[in-house]
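Protein chains in written order, with the working numbering: chain A, 1 to 129; chain B, 1 to 90; chain C, 1 to 497; chain D, 1 to 159.
Backbone N, C-alpha and C fix where the C-beta goes; we use that ideal spot for every residue, glycine too.
Since the structure is predicted, the reported quantities are computational estimates derived from the model, not experimental observations.
Please read the structure below before turning to the comments.
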Amino acid sequence: MDQLLSEIVAKYNYWIYVVLMMIGFYAMIGKRNLVKKLLGMNIFQTAIILFYVSIGGKRGAGIPIVDKHAVMLHGVDASRILNPLPHVLMLTAIVVSVSVTGVALAIMIRIHRKFGTLEEDEILEKIGQ
Amino acid sequence: MKALAFLATLATGIVLLYGTRDFAAWGDAASPASRHVSPVYIQQAVKQTHVPNIVTAILGDYRGYDTMFETVVIYCAGLAVICVLRRQKT
Amino acid sequence: MNTPNMHLYILAAPLLSAFAVNLLGRVSRAWIGPLILAALGFSTFGALLTLLRVLRDGAYRYTVGNWQAPYGIELVIDPLSALMLLLVSSVALLATCSALKSVQNELPGREHLFFTLYMILVAGLLGLVQTGDAFNLYVLLEITAITTYGLIAMGPDRAPLASFNYIIMGSIGACFYLLGVGYLYILTGTLNMADIAGILPGLNAPAAVATAFAFLMVGLWVKMALFPLHVWLPNAYSQAPTGAGVMIAPLMTKVTVYLMIRVMFSIFSPGYEFIQHAGVQSLIVWAASLAILCASSLALAQRDLRRMLTYILVAEVAYMVGGVWLANGTGMTGAILHIVNDAMMTLCLFLAAAAILYRTGSLEFDRLHGLYRRMPLTMAAFTVGALSMIGVPPTCGFFSKWYLILGAVRAGHWEFMTALLISSLINAVLFFRILELAYFQPVAGLQATTQQGSGEAPLPMLSPLLISAIALLALGFGCGPLIENVIRLALPPGFAP
Amino acid sequence: MKLLQERTRDRLAGEDLIVRTAVRLLVPFIQLFGLYVIVHGHYSPGGGFQGGVILGSSFILLALAFDLRTSLRFLSVRVNAVLSNVGVLIYTGVALLCALAGGLFLDYSALDRILPLGPVAWRSMGIFLVELGVGIAVMCIMASLFWDLGSGGEMDEGL
């Protein structure tokens with residue numbers, strides 16, 4: 001049991017992000033209201049962004065902006081600067097998340113304009129008629 | 001239906017947490033992610049591109065192909081919203 | 001003309017023509033058609049050159065931005081990706097000729113918006129097919145996804161809801177794929193597929209690698225609509241505007257199956273424990289067999305031609321997934337050949353459906369009476385497509401099904417073989433029912449033809465249809481040399497045909 | 001959508017004076033800061049996407065404090081559409097130019113053959129050009145996203 005506890009303490013960030021992801025995932029597939037599905041999608045994508053950014057962390061490391069002349073003269077110690085690659089990837093994932101949310105909102109406006117509701121089962125009833 | 005969704009979520013969560021068993025602890029400078037490619041980025045980025053901000057150097061140059069498609073994604077979002085919402089004036 | 005950048009000019013042509021169409025299309029509609037056909041013609045010609053170059057000089061790797069492999073993004077041009085480049089650009093060219101006409105009919109005044117998204121989708125597919133970087137693959141997956149959401153949402157009344165469900169399922173698939181790449185990045189530290197494949201065998205992290213493999217696979221299965229995860233596809237592809245459906249249906253699922261092959265054999269080598277594991281293989285082949293049977297029987301219950309085609313599409317995806325997971329050379333050859341054949345068959349049938357919808361305004365079965373008299377050429381091409389889907393010898397559908405069945409027999413998966421045979425019989429029932437309606441049913445008295453008047457589909461919709469029907473026959477006859485010098489080279493190591 | 005617009009219109013009667021004058025003072029400085037973030041992407045945190053969003057938010061602020069028509073007066077729909085195309089074309093154009101100049105795709109040092117600045121200096125210049133293109137594109141698209149979603153596509157009287 002203590003082995004599991006020590007592991008949770010060492011990697012508690014991954015446990016938190018997995019819980020966040022599952023909240024978002026449940027909302028996406030469990031909820032019937034379209035707005036709640038969209039919010040679930042946002043929670044899921046944000047949790048993945050946090051997950052990636054936490055990969056790059058190094059204890060006691062500075063941000064990846066270095067003094068140009070100092071580095072040109074005598075280089076830089078890589079362990080003092082945190083890993084920049086996940087931050088680049090997550091800039092891309094954030095833009096993707098914004099884009100998909102924008103398109104989903106536009107589609108929801110059009111659904112609301114046509115069916116008057118955003119509850120999935122009411123919409124299916126209206127389509128049924 | 002909700003029970004099925006809850007079970008699926010639970011299963012996915014357990015598999016994800018089971019997967020984190022082999023990861024390095026958080027903040028560990030010796031983790032594989034901080035040892036393989038990123039040290040070269042940190043040391044070489046300024047010499048090869050004269051850009052102090054290493055994130056911008058990677059974003060614009062090393063992985064510029066990603067960012068090009070990134071701009072196309074945001075462009076598509078703007079266009080899709082126009083397609084879906086605007087009624088044709090003609 | 002064979003500059004090293006040719007495969008990126010193939011991608012840049014549709015991308016730049018998309019922006020040009022958006023800028024110039026506002027000014028005058030006449031610009032759109034020629035600009036797009038020129039761009040796609042150039043891409044198809046370039047793809048042919050690239051395939052010939054790869055067959056002559058062998059596969060080569062291209063580093064974008066002149067950075068060496070693990071630091072920059074790397075593109076891999078090998079026989080399989082060159083073949084897919086040619087397939088994507090040629091199918092896109094044929095689909096665009098038909099879409100140009102049908103969009104004028106359905107979305108008047110918004111062609112320039114439609115075709116900008118359309119060409120960015122083609123550019124995204126062309127990029128997807130040649131990328132050798134795991135995260136770049138995610139970005140391109142998102143490009144193809146967001147353009148497809150936009151295109152489907154432009155459809156008539158029920159299309160936005162179908163598109164919204166597609167967004168939710170597509171985002172789940174993309175997020176699972178991203179999680180898989182994240183797990184691999186934590187373990188290996190790089191994003192380059194070949195680099196990860198080099199590091200993975202040396203790792204002693206069985207749990208995390210297995211989780212990454214599971215998430216990559218489930219993510220791609222959701223995106224390709226494998227049976228239990230296919231709920232979004234029938235509505236999305238049948239509600240979409242016909243111009244979009246003609247392009248999305250043949251390409252999106254096939255390229256995702258190609259991506260599954262690329263992930264399985266470029267990131268995880270064929271020797272990876274879960275690919276060799278007999279239990280996992282039989283589980284997935286059983287799932288594929290079940291998927292084929294359920295999807296085909298669901299197709300029987302449909303009363304609308306296009307919805308029936310989408311369910312057959314779901315069954316075809318299960319063919320290919322099962323073929324790959326048979327884990328022997330014959331099954332793999334059958335799967336890759338089926339990617340090419342199925343793209344052509346689906347293109348032919350969807351083009352025919354688009355032509356019929358353009359003329360008669362509806363695809364309900366009871367509106368297809370006596371169609372043969374009014375649209376003889378369209379129905380002839382539809383018959384060729386139907387025969388190919390059933391798997392009748394001269395057409396290409398037979399040969400890929402033949403290899404799949406042979407692979408199933410060799411792998412000892414009898415359930416997959418029986419599923420294939422039963423599904424072929426169900427396809428026969430499905431298509432002969434329609435042919436019987438169209439050929440032998442007398443034209444009912446009240447059958448008022450729509451305002452376009454009776455008669456054949458317009459030339460820009462008919463010519464790609466006939467070309468694709470001829471291509472089905474040509475692929476059937478040319479399937480020997482195609483396998484011999486392209487697919488045999490594309491097989492992963494250790495999969496002797 | 002119409003009900004929402006009536007409610008916002010009668011709420012405008014009283015306390016909009018403070019908001020409007022504050023916004024009229026703020027917007028130019030927001031745009032200046034947005035431009036600073038784009039241009040200083042090399043030296044400080046920032047770059048094309050972040051700067052573009054700040055610039056886009058200045059137009060959104062105008063649309064919120066005043067009304068959609070004022071925001072459209074500063075950046076009309078036609079200019080917005082053309083500028084978003086120009087932004088993306090700058091990026092793909094630079095990428096293609098590197099390939100046509102004889103180097104590999106997106107290899108900025110290949111541009112050295114056109115205008116000799118030195119390969120490494122060209123890489124830094126290439127990143128700057130690309131960030132500029134991204135900034136312009138993201139600015140226009142953020143503004144157009146808000147206009148469309150806010151007014152439900154009619155572009156008449158947003159929120």
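Where residue i falls: helix, strand or coil (DSSP)
i	result
Tyr36 (chain D)	helix
Glu154 (chain D)	coil
Gln447 (chain C)	Since pLDDT at Gln447 (chain C) reaches only 48, below the 50 mark, its modelled position is unreliable, and no value is offered.
Glu456 (chain C)	coil
Asp121 (chain A)	helix
Tyr60 (chain C)	strand
Gly494 (chain C)	coil
Thr131 (chain C)	strand
Asn33 (chain A)	strand
Asn53 (chain B)	strand
Ile81 (chain A)	strand
With 16 other Cβ atoms within 10 Å as the buried cut-off, status of residue i
i	result
Ser28 (chain C)	exposed
Met72 (chain A)	exposed
Ala123 (chain C)	buried
Ile284 (chain C)	buried
Ile14 (chain B)	exposed
Asn204 (chain C)	exposed
Leu25 (chain D)	exposed
Leu446 (chain C)	At Leu446 (chain C), the pLDDT of 46 sits below 50, so the modelled position is not reliable and the matter cannot be decided from this model.
Gln48 (chain B)	buried
Arg2 (chain B)	Before going on, a small fix: residue 2 (chain B) reads as Lys here, not Arg. Label assigned to Lys2 (chain B): exposed.
Glu131 (chain D)	buried
His277 (chain C)	exposed
Ser6 (chain A)	exposed
CA nearest to the CA of residue i, picked from the options
i	options	result
Ser31 (chain B)	C:Leu83, C:Gly189 and C:Phe227	C:Gly189
Phe51 (chain A)	A:Ile29, A:Ala106, A:Trp15 and A:Val96	A:Trp15
Leu23 (chain C)	D:Leu111, D:Val79, D:Ala95 and D:Tyr43	D:Val79
Leu179 (chain C)	C:Ile168, C:Ala428, C:Tyr138 and C:Gly25	C:Tyr138
Leu421 (chain C)	C:Leu298, C:Ile292 and C:Gln130	C:Ile292
Ala99 (chain D)	C:Thr63, C:Asn165, C:Asp366 and C:Ile470	C:Thr63
Val255 (chain C)	C:Pro481, C:Thr131, C:Ala162 and C:Thr330	C:Thr131
Ala145 (chain C)	C:Asp133, C:Leu309 and C:Leu117	C:Leu117
Trp402 (chain C)	C:Leu377, C:Ala355 and C:Gly331	C:Gly331
Chain-ordered chain B contacts of residue i [CB-CB under 9 Å]
i	result
Thr92 (chain A)	Leu59, Arg63, Asp66, Thr67, Phe69, Glu70 and Val73
Gly40 (chain A)	Near Gly40 (chain A) there are no residues of chain B at all, since even the closest Cβ is about 10 Å away, more than 9 Å.
Per-residue contacts from residue i into chain C (C-beta, under 7 Å)
i	result
Val37 (chain B)	Pro70, Tyr71, Gly189 and Thr190
Val51 (chain B)	The premise fails here: Val51 (chain B) is roughly 14 Å from chain C at the closest Cβ pair, so nothing lies under 7 Å.
Ser99 (chain A)	Ile146
Interface partners of residue i on chain C, CB under 8 Å
i	result
Lys114 (chain A)	Asp157 and Pro160
Ala103 (chain D)	The residue asked about is misnamed: residue 103 (chain D) is Gly in this sequence, not Ala. The contacting residues are Asn66.
Separation of residue j from residue i, as counted between CA atoms
i	j	result
Thr92 (chain D)	Ala104 (chain A)	27 Å
Arg110 (chain C)	Leu191 (chain C)	40 Å
Asn485 (chain C)	Ala95 (chain C)	27 Å
Pro45 (chain D)	Ser58 (chain D)	20 Å
Val95 (chain A)	Ala77 (chain B)	10 Å
Asn427 (chain C)	Ala386 (chain C)	8 Å
Phe44 (chain A)	Thr71 (chain B)	22 Å
Asp78 (chain C)	Leu55 (chain C)	9 Å
Gly202 (chain C)	Ser81 (chain C)	28 Å
Ala214 (chain C)	Arg69 (chain D)	52 Å
Gly494 (chain C)	Pro270 (chain C)	7 Å
Glu125 (chain A)	Lys114 (chain A)	13 Å
Pro116 (chain D)	Asp107 (chain D)	15 Å
Proximal residues of chain A, C-beta to C-beta of residue i below 7 Å
i	result
Tyr41 (chain B)	Pro84 and Leu85
Ala49 (chain D)	The sequence given here places Phe at residue 49 (chain D); Ala does not occur at that position. Those within 7 Å of Phe49 (chain D) in chain A are Leu91 and Val95.
Leu106 (chain D)	Going along chain A, no residue has its Cβ under 7 Å from Leu106 (chain D), so there is no contact; the nearest lies around 15 Å.
Residue-level contact to chain G via CB, residue i, 8 Å cutoff
i	result
Leu7 (chain B)	No chain G is present in this structure, whose protein chains are A, B, C and D.
Chain-ordered chain C contacts of residue i [CB-CB under 9 Å]
i	result
Gly78 (chain B)	Chain C residues near Gly78 (chain B): none, gap ~10 Å exceeds 9 Å.
Ser167 (chain D)	This structure gives no information on residue 167 (chain D), because the portion of chain D shown stretches from 1 to 159.
Residue i CB to nearest heavy atom of the ligand NAD below 7 Å
i	result
Glu364 (chain C)	Ligands are entirely absent from the displayed structure, and the ligand NAD is therefore not among its contents.
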